[in-house]
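Student: Those sequence lines, one after another, are chains A and B.
Throughout the first sequence, residue numbering follows UniProt numbering, covering 1 to 302 in sequence.
Throughout the second sequence, residue numbering follows UniProt numbering, covering 1 to 284 in sequence.
Don't be surprised by glycine CBs; every beta carbon is placed ideally from N, CA and C.
Please read these numbers as outputs of a predicted model, since none were measured by experiment.
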Amino acid sequence: MHILATEGLTKRFPTVTALDQLTVTAGPGVTGLVGANGAGKSTLIKIMLGLLPPTGGSARVLDLDVATRGAEIRGLVGYMPEHDCLPPDVSATELVVHLAQMSGLPRTAARERAADVLRHVGLAEERYRAVGGYSTGMKQRVKLAQALVHDPKLIFLDEPTNGLDPRGRDEMLTLIRRIGTEFGISVLVTSHLLGELERICDHVIVIDAGRLLRSSAIAEFTHATRSVTVEVEEGATPLAARLTELGHTVTPHGRLLLVEVTGPETFDAIRDTAVDLDLCLIRLEQGRHRIEDVFREEVAGV
Amino acid sequence: MSEIYDIGYRHYDGPRLGRAYSTRALTVHSLRAVFGLGRTARSKIMPFALAVIMLLPAVVSIAAMALIGQRAMGYSSYAVIMQAVLAIFLASQGPAIIAPDLRFRVLPLYLSRPVSIVEYVGAKVTAMTAALFLMVAVPLTLIYLGELLIDLEGPPQTKEYLGALAMALVLAVLLSAFGLAIASLTPRRGLGVASVIAVYLLASASVPIFYGTLISTGNDAAARWAWLVNPFWLVDAVQVWLFDTTPNSEGGYPPGPASAAIVVVLIAVAVSVLALRYRKAASQ
Numbered sequence: 001m002h003i004l005a006t007e008g009l010t011k012r013f014p015t016v017t018a019l020d021q022l023t024v025t026a027g028p029g030v031t032g033l034v035g036a037n038g039a040g041k042s043t044l045i046k047i048m049l050g051l052l053p054p055t056g057g058s059a060r061v062l063d064l065d066v067a068t069r070g071a072e073i074r075g076l077v078g079y080m081p082e083h084d085c086l087p088p089d090v091s092a093t094e095l096v097v098h099l100a101q102m103s104g105l106p107r108t109a110a111r112e113r114a115a116d117v118l119r120h121v122g123l124a125e126e127r128y129r130a131v132g133g134y135s136t137g138m139k140q141r142v143k144l145a146q147a148l149v150h151d152p153k154l155i156f157l158d159e160p161t162n163g164l165d166p167r168g169r170d171e172m173l174t175l176i177r178r179i180g181t182e183f184g185i186s187v188l189v190t191s192h193l194l195g196e197l198e199r200i201c202d203h204v205i206v207i208d209a210g211r212l213l214r215s216s217a218i219a220e221f222t223h224a225t226r227s228v229t230v231e232v233e234e235g236a237t238p239l240a241a242r243l244t245e246l247g248h249t250v251t252p253h254g255r256l257l258l259v260e261v262t263g264p265e266t267f268d269a270i271r272d273t274a275v276d277l278d279l280c281l282i283r284l285e286q287g288r289h290r291i292e293d294v295f296r297e298e299v300a301g302v
Numbered sequence: 001m002s003e004i005y006d007i008g009y010r011h012y013d014g015p016r017l018g019r020a021y022s023t024r025a026l027t028v029h030s031l032r033a034v035f036g037l038g039r040t041a042r043s044k045i046m047p048f049a050l051a052v053i054m055l056l057p058a059v060v061s062i063a064a065m066a067l068i069g070q071r072a073m074g075y076s077s078y079a080v081i082m083q084a085v086l087a088i089f090l091a092s093q094g095p096a097i098i099a100p101d102l103r104f105r106v107l108p109l110y111l112s113r114p115v116s117i118v119e120y121v122g123a124k125v126t127a128m129t130a131a132l133f134l135m136v137a138v139p140l141t142l143i144y145l146g147e148l149l150i151d152l153e154g155p156p157q158t159k160e161y162l163g164a165l166a167m168a169l170v171l172a173v174l175l176s177a178f179g180l181a182i183a184s185l186t187p188r189r190g191l192g193v194a195s196v197i198a199v200y201l202l203a204s205a206s207v208p209i210f211y212g213t214l215i216s217t218g219n220d221a222a223a224r225w226a227w228l229v230n231p232f233w234l235v236d237a238v239q240v241w242l243f244d245t246t247p248n249s250e251g252g253y254p255p256g257p258a259s260a261a262i263v264v265v266l267i268a269v270a271v272s273v274l275a276l277r278y279r280k281a282a283s284q
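1) Determine the closest residue to His120(A) out of Leu164(A), Leu99(A), Ala110(A) and Ile179(A), with distance taken between C-alpha atoms.
2) Looking at Ala270(B) and residue 295(B), is the spacing between their C-beta atoms short of 9 Å?
3) When burial is assigned at 16 or more other CB atoms within 10 Å of the CB, is Arg113(B) buried or exposed?
4) Pick helix, strand or coil for Gly8(A), following the three-state DSSP scheme.
5) Might you give, ordered along the chain, the residues of its own chain that have their beta carbon closer than 8 Å to the beta carbon of Ala103(B), omitting 5 neighbours on each side?
6) Going by alpha carbons, who is nearest to Arg19(B) out of Gly122(A), Glu72(A), His192(A) and Ala124(A)?
7) Let me know if Ala66(B) comes out buried or exposed under the rule of 16 or more other beta-carbons within 10 Å of its beta-carbon.
8) Buried or exposed for Val149(A), please, with buried defined as at least 16 other CB atoms from any protein chain shown within 10 angstroms of its CB.
9) Could you pull the start and end residues of the alpha helix (DSSP H) that Leu277(A) belongs to?
10) What are the residues in the region 116-149 of chain B lying within 8 Å of chain A by C-beta distance?
11) Among residues of its own chain, excluding the 5 on either side of Arg283(A), which ones have a beta-carbon nearer than 6 Å to its beta-carbon?
12) Name the chain B residues that come within less than 7 Å of Phe183(A), Cβ to Cβ?
13) Can you say whether Ile155(A) is buried or exposed, counting buried as having 16 or more other CB atoms within 10 angstroms of its CB?
14) If Leu123(A) sits next to Ala92(A), beta carbons under 8 Å apart, how far is it from one beta carbon to the other, in whole angstroms?
15) My output table needs one value for Leu52(A): the three-state DSSP class, helix, strand or coil.
16) Is Met138(A) close to chain B, meaning its C-beta is less than 9 Å from at least one C-beta of that chain?
17) Between which two residues does the alpha helix (DSSP H) containing Glu171(A) stretch?
18) Quick one, which residues of the region 23-36 of chain A are near chain B if we go by CB-CB under 9 Å, in chain order?
19) Mind checking His248(A): buried by the 16 CB within 10 Å criterion, or exposed?
20) Comparing the C-beta of Val106(B) with each C-beta of chain A, is any distance below 9 Å?
21) Please go through the same chain and pick out, in chain order, the residues whose beta-carbon is closer than 8 Å to the beta-carbon of Ala33(B), but skip the five residues on each side of it.
22) List the residues of chain B that Ala109(A) touches, going by C-beta distances under 8 Å, in chain order.
23) Three Cβ pairs or more, each shorter than 8 Å: is that satisfied between the region 190-208 of chain B and the region 146-162 of chain B?
24) Going by C-alpha to C-alpha distance, which of Gly32(A), Val30(A) and Lys41(A) sits closest to Asp20(A)?
25) So which residues on chain B does Ser42(A) lean against when the C-beta distance must stay under 7 Å?
26) If you measure between the beta carbons of Arg214(A) and Ile200(A), is that distance less than 9 Å?
27) Kindly say whether Gln146(A), judged by its beta-carbon, lies nearer than 9 Å to any beta-carbon of chain B.
28) Please classify Val24(A) as buried or exposed, where buried requires at least 16 other C-beta atoms within 10 Å of its C-beta.
29) Let me know the secondary structure DSSP gives Glu260(A) once reduced to three states.
30) In this structure, how does DSSP classify Val265(B) when only helix, strand and coil are distinguished?
31) Nearest-angstrom Cα distance between Pro264(A) and Ala217(A)?
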């Protein structure tokens, strides 16, 4: 089952085309939606919530059509906006209880769920204090809690790590991963930082200027490449020369050499050459793609 | 032994009530916010002080009935006499339930839930209407109860009391729709307060100017229309038309249902302004 599916989805604003013939699907688990600022991520989420009518094409969330079943979809999904959205003069508990009621939970159930969810996102005693005095990290947690309080099937997280320090970012990412695995709630998380998503996503969708660049499982992005990184203490240049002589493709990369692997004999050749030249071999490492590289290649190719 | 067990995430499989429930919950939440309930002590001062002021004439009226056996204040004139207090209440408390959601961009948190923008605005207007109605209806009811207990000569003025209650509701709908429409134009609460009070002052200050000018030029019939610029006299004019009460203005009002038509048009205009304003806010 797809948690979301779009077909030729287009959204034009008077001055810009935010989404251009976007056809994409995502399954359960954690899906990353990557793109630069203005790539159409937030527009896509608003269409998915049934808040913005598409100019063309169609979209389904949890197998419900966004054009006709918006209210039903909004009962089943949670949404954490990118921007600040918390009134400063109420406590986290009050706000989350109230919003749980807005999702249809009876008052007592809303209280229980709010307490549960605030604990899960890591807000302790401070949840009784007014939100106005919270740090950015705590505010992000409240925003996440309100998206989870009605136990949705799917949550949309728009730039959840925005404005967080490295530690807060790590904690937020760990929490998102837990939501997708332990909590069993599917997640669509946007970011303009690919490195973050690599850690937590099962699937990544890359969009640029409203068009789909790529949609694939994270494993495909970061599969092992056919190259090996070689680091020697000194003498990288003669090593490169000798390996090239032996018919290997070598690319210098600062102090490192990237050698294309043609088979097990490549590793033997590197070892033997290092011994022959009497070099001190420090590192021999299988190269892995990072999704940034893929993204860079694909953007360059468009 | 005090050990905290992490029982892990629990799914919710209890009841999920419909949009009617959510709208009702939002209405109650907003009504409480009008009176500062569940907020800091500071936000309770203004609404409660104004509520107490609204009650004072009722207390005096009951005392007058008990001591000298006379009515101090008619049911039909209560809202008109206390209009400044009601206007201040509307101006100070209306923006309190409208502005924060716009200013702090809380609206998307509502809109990403099943409640629709129409239900959201409906809940806010209903809450403000209920609050204004209570401000008028509670003192009126006190006077009526006082009248029943004291047992004045002649039958109790039940018809006048019920008529005044009905008009209090009309006034509350008109004021809240208009007040919230004006307040919704700015996300800043202070500016909202100032705008609502400015519109009220302008409306009430222009009445004597129009009236005086028209009277001095001998245009008595046209002068009566001047009263309708102020919403409190406008609703009083409807009361005179519907229940044949004594006008609270000099020289009376224009006859017939014109005032009622104006009330309906004004409410429609205010609701359209709210609809346009929130359609724009929702698409952001």
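Tutor: The short version:
1) Looking up residue 120(A) in the first sequence gives position 120. Nearest option by C-alpha distance: Ile179(A).
2) No answer is possible for residue 295(B): it lies beyond the span of chain B, which begins at 1 and ends at 284.
3) The residue given as residue 113(B) occupies position 113 in the second sequence. With a threshold of 16 other beta carbon atoms within 10 Å, Arg113(B) meets it and is buried.
4) Against the first sequence, residue 8(A) aligns to sequence position 8. Strand, per DSSP.
5) If you number the second sequence from 1, residue 103(B) lands on position 103. Correcting the residue identity first, residue 103(B) is Arg in this sequence and not Ala. Pro187, Arg188 and Arg189, listed in sequence order.
6) Taking the second sequence and counting its residues from 1, the one referred to as residue 19(B) is at position 19. For Arg19(B), the closest alpha carbon among the candidates Gly122(A), Glu72(A), His192(A) and Ala124(A) is that of Glu72(A).
7) Along the second sequence, read from residue 1 onward, the residue named residue 66(B) stands at position 66. By the neighbour-count rule (16 or more Cβ atoms within 10 Å), Ala66(B) is not buried but exposed.
8) As a first step, residue 149(A) is located in the first sequence; it is residue number 149 there, counting from the start. By the beta-carbon neighbour count (other beta carbons within 10 angstroms, threshold 16), Val149(A) is buried.
9) Your numbering for residue 277(A) matches position 277 in the first sequence. Leu277(A): not part of any alpha helix (DSSP H); DSSP gives it neither H nor E.
10) Listed by position, the residues of the region 116-149 of chain B near chain A (Cβ gap below 8 Å) are Ser116.
11) As a position in the first sequence, residue 283(A) is number 283, starting the count at 1. Contacts found: Glu231.
12) The count along the first sequence starts at 1 and reaches residue 183(A) at position 183. Neighbours of Phe183(A) in chain B, taken as residues whose beta carbon is under 7 Å from its own, are Tyr9 in chain order.
13) As a working note, residue 155(A) is residue 155 in the first sequence. With 16 or more other CB atoms across the displayed protein chains lying within 10 angstroms of its CB, Ile155(A) is buried.
14) Position 123 of the first sequence holds residue 123(A). Position 92 of the first sequence holds residue 92(A). Going by Cβ atoms, the distance from Leu123(A) to Ala92(A) rounds to 6 Å, so yes, they are a contact pair.
15) Here residue 52(A) is taken as the residue at index 52 of the first sequence, counted from 1. In this structure, DSSP gives Leu52(A) a state outside helix and strand, which the three-state scheme calls coil.
16) Numbered from 1 along the first sequence, position 138 holds the residue referred to as residue 138(A). With respect to chain B, the C-beta atom of Met138(A) has no partner C-beta closer than 9 Å.
17) Walking along the first sequence from the start, residue 171(A) turns up at place 171. Secondary structure note for Glu171(A): its alpha helix (DSSP H) is the uninterrupted segment Pro166 to Thr181.
18) Listed by position, the residues of the region 23-36 of chain A near chain B (Cβ gap below 9 Å) amount to none.
19) Residue mapping note: residue 248(A) aligns to position 248 of the first sequence, counting from 1. Per the 10 Å Cβ criterion, buried.
20) Taking the second sequence and counting its residues from 1, one reaches residue 106(B) at position 106. Yes, its Cβ sits closer than 9 Å to a Cβ of chain A.
21) For this step, residue 33(B) is matched to residue 33 along the second sequence. Within the same chain, Ala33(B) has close Cβ partners Arg39, Ala96, Ile97 and Ala127.
22) On the first sequence, residue 109(A) is found 109 positions in, with the first residue counted as 1. What Ala109(A) touches in chain B: Tyr12, Gly14 and Pro15.
23) The region 190-208 of chain B is not in contact with the region 146-162 of chain B.
24) In the first sequence, residue 20(A) corresponds to position 20, counting from 1. Residue Lys41(A) is the option with its Cα nearest to Asp20(A).
25) By one-based count along the first sequence, residue 42(A) stands at place 42. Under a criterion of Cβ atoms nearer than 7 Å, no residue of chain B is adjacent to Ser42(A); the nearest Cβ is some 11 Å distant.
26) Along the first sequence, read from residue 1 onward, the residue named residue 214(A) stands at position 214. Along the first sequence, read from residue 1 onward, the residue named residue 200(A) stands at position 200. No, these two residues do not count as a Cβ contact at 9 Å.
27) For the purposes of this step, residue 146(A) is taken as the residue at position 146 of the first sequence. Residue-level contact check: Gln146(A) touches chain B, since one or more beta carbons of chain B fall below 9 Å from its beta carbon.
28) Within the first sequence, the letter at position 24 stands for residue 24(A). Taking all protein chains in view, the Cβ of Val24(A) is crowded by 16 or more other Cβ atoms within 10 Å, so the residue is classified as buried.
29) In the first sequence, residue 260(A) corresponds to position 260, counting from 1. In this structure, Glu260(A) counts as strand in the three-state DSSP scheme.
30) In the second sequence, residue 265(B) corresponds to position 265, counting from 1. Residue state, collapsed to three classes: helix.
31) The residue labelled residue 264(A) in the question sits at position 264 within the first sequence. The residue labelled residue 217(A) in the question sits at position 217 within the first sequence. Spanning the alpha carbons of Pro264(A) and Ala217(A) requires a straight line of approximately 28 Å.
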